[in-house]
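Notes for the one structure printed next.
Numbering (my numbering), first residue to last: 31 to 145.
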């Protein structure tokens with residue numbers, strides 16, 4: 031698979047997961063919505079990595095969005111980097127029940143503060 035085929039693979043997969051994320055969001059399944067949201071961003075970054083690295087288009091096997099954005103040769107401002115760091119926590123937080131409880135509490139608090 032060349033880098034453009036690999037990029038398209040990641041983007042297609044991200045688009046499919048985005049649809050799933052939206053169903054979860056509409057049904058207020060916030061923990062899993064955030065987990066899938068992280069996955070969508072991860073796959074998009076892996077697609078960008080493939081595009082920007084034609085000599086070695088296979089993205090690193092990591093879920094760290096900051097590392098992926100660096101490897102994909104993207105400029106990420108400090109403000110966005112801070113938001114990405116928060117999003118990184120969704121990858122772990124949604125997987126384990128004790129983290130889910132903390133994540134759910136944080137999401138509810140965030141919703142209240144932003145109203």
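Beta carbons: idealized from backbone N, C-alpha and C, even for Gly.
Note that the structure is a prediction, hence the values are computed from the model and not measured.
Simplified DSSP state of residue 92, which is helix, strand or coil: Reading the chain shown from its first residue, position 62 is the one you call residue 92. In this structure, residue 92 counts as coil in the three-state DSSP scheme.
8 angstroms Cβ shell around residue 31 - same chain, five flanking residues per side excluded: On the chain shown, position 1 is the one that residue 31 refers to. The residues are 39, 87.
Assigned exposure category for residue 52 - 16 Cβ within 10 Å defines buried: The residue labelled residue 52 in the question sits at position 22 within the chain shown. Exposed, since its Cβ has fewer than 16 Cβ neighbours within 10 Å.
Inter-residue Cα distance where the pair is residue 112 and residue 85: Translated into positions along the chain shown, residue 112 becomes position 82. Translated into positions along the chain shown, residue 85 becomes position 55. Taking the straight line joining both Cα atoms gives about 30 angstroms.
Secondary structure of residue 105, DSSP reduced to three states: Taking the chain shown and counting its residues from 1, the one referred to as residue 105 is at position 75. Residue 105 carries a coil assignment under DSSP once its states are collapsed to helix, strand and coil.
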